[in-house]
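Protein chains: 2
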Amino acid sequence: MIETSDLPHPAREDLVLTQVLFALSDPARLEIVRQLDAGPLEMAQCCLQDPTMPKSTKSHLMKVLREAGVIRNEVKGRGRLLSLRREDVESRFPGLLESILKAPVGR
Amino acid sequence: MIETSDLPHPAREDLVLTQVLFALSDPARLEIVRQLDAGPLEMAQCCLQDPTMPKSTKSHLMKVLREAGVIRNEVKGRGRLLSLRREDVESRFPGLLESILKAPVGR
DNA sequence: ATCATGGTTCGAATATAGTTGAACCTTCCC
DNA sequence: GGGAAGGTTCAACTATATTCGAACCATGAT
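Chains as they are written, first to last, in UniProt numbering: chain Y, 1 to 107; chain R, 1 to 107.
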């Protein structure tokens, strides 16, 4: 068997700007994206700033990012591997992700 | 008298990325920004696609954009002159506005 | 097979955002 | 001054998003 229990990901050409902007407009989600900027990360290793965050909440954050097409969420062993869909976002919205990742982090 | 009844605008250095992204994550607000990309516009001439929109709704859309620091809203005669705070946004988040304005408009 | 680990999904509660009419404020014009 | 035009603010309502426990599902290890 090749296919695993994968979650749906929008195709590159179906990404919607307002959905991407919305996904990134939440500080917690933006922080996740910043972490993924350094490379793929296992979900269990993600969001370690707030270890009290319930896993359902964490899962929901990932869902919003995934459904907007910003991140990929693949099965890896017992867990999940998260990664930025950098090329896809760049292809559809050139320069967007770069400008956001380069922006000052604080407020 | 020099000062008029002006609305508060955040200073350039106080713009918050997530607030800007949020303001632009709504299709109606994004459309307004696209219109202002062509140059300043009197509020009465804005949002003419939907002439049925109540003025309170329109005013609220502008408020979100203004408080995020994306647009300027100045008194002009009996009405208001809206303009894009292009340089301010560019100064704080280089490349962001350009990439958004260049992005495909539809979904 | 069974169990533990790591995530997703569901549902209900809460919080935040959008919508709108009504009241009010300014400015221009007479 | 008085009226009309153009906007803002307020308050109440509706709609959408977030939060999180509980139940469930898949995988790897024993």
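Built from N, CA and C at the ideal position, the CB exists for glycine as well.
Alpha carbon of residue i to alpha carbon of residue j, nearest angstrom
i                      : j                       : result
alanine 44 (chain R)   : arginine 80 (chain R)   : 8 Å
aspartate 14 (chain R) : leucine 96 (chain Y)    : 21 Å
leucine 7 (chain Y)    : histidine 9 (chain R)   : 42 Å
glutamate 31 (chain R) : alanine 38 (chain R)    : 12 Å
valine 70 (chain Y)    : asparagine 73 (chain R) : 33 Å
lysine 55 (chain Y)    : arginine 78 (chain Y)   : 15 Å
glutamate 98 (chain Y) : glutamate 67 (chain R)  : 24 Å
arginine 86 (chain Y)  : proline 51 (chain Y)    : 27 Å
glutamate 90 (chain Y) : alanine 103 (chain R)   : 10 Å
glutamine 49 (chain R) : glutamine 49 (chain Y)  : 45 Å
proline 27 (chain Y)   : proline 27 (chain R)    : 21 Å
Cβ distance (whole Å) where residue i is taken to contact residue j below 8 Å
i                    : j                    : result
leucine 65 (chain R) : alanine 23 (chain R) : 5 Å
leucine 21 (chain R) : leucine 21 (chain Y) : 5 Å
Neighbourhood of residue i by C-beta, 7 Å cutoff - its chain only, sequence neighbours within 5 removed
i                        : result
leucine 17 (chain R)     : Phe93
arginine 29 (chain R)    : Ala23, Leu61, Val64 and Leu65
isoleucine 100 (chain Y) : Leu24
leucine 36 (chain Y)     : Ile71, Leu82, Ser83 and Leu84
glutamine 19 (chain R)   : Ala68
methionine 53 (chain R)  : Cys47
Neighbourhood of residue i by C-beta, 8 Å cutoff - its chain only, sequence neighbours within 5 removed
i                      : result
lysine 58 (chain Y)    : Met43, Cys46 and Cys47
aspartate 88 (chain R) : Arg12, Leu15 and Gly69
valine 105 (chain Y)   : Arg34
lysine 76 (chain Y)    : Glu42
The ligand ADP heavy atom lying under 7 Å from the CB of residue i
i                     : result
arginine 78 (chain R) : The model depicted lacks the ligand ADP and carries no ligand whatsoever.
May I have a chain-ordered list of the beta strand (DSSP E) segments no shorter than 3 residues that lie completely inside the UniProt domain "HTH arsR-type" (9-104) of chain Y? Segments of the beta strand (DSSP E) lying fully in the UniProt domain "HTH arsR-type" (9-104) of chain Y: 71-76 and 79-84.
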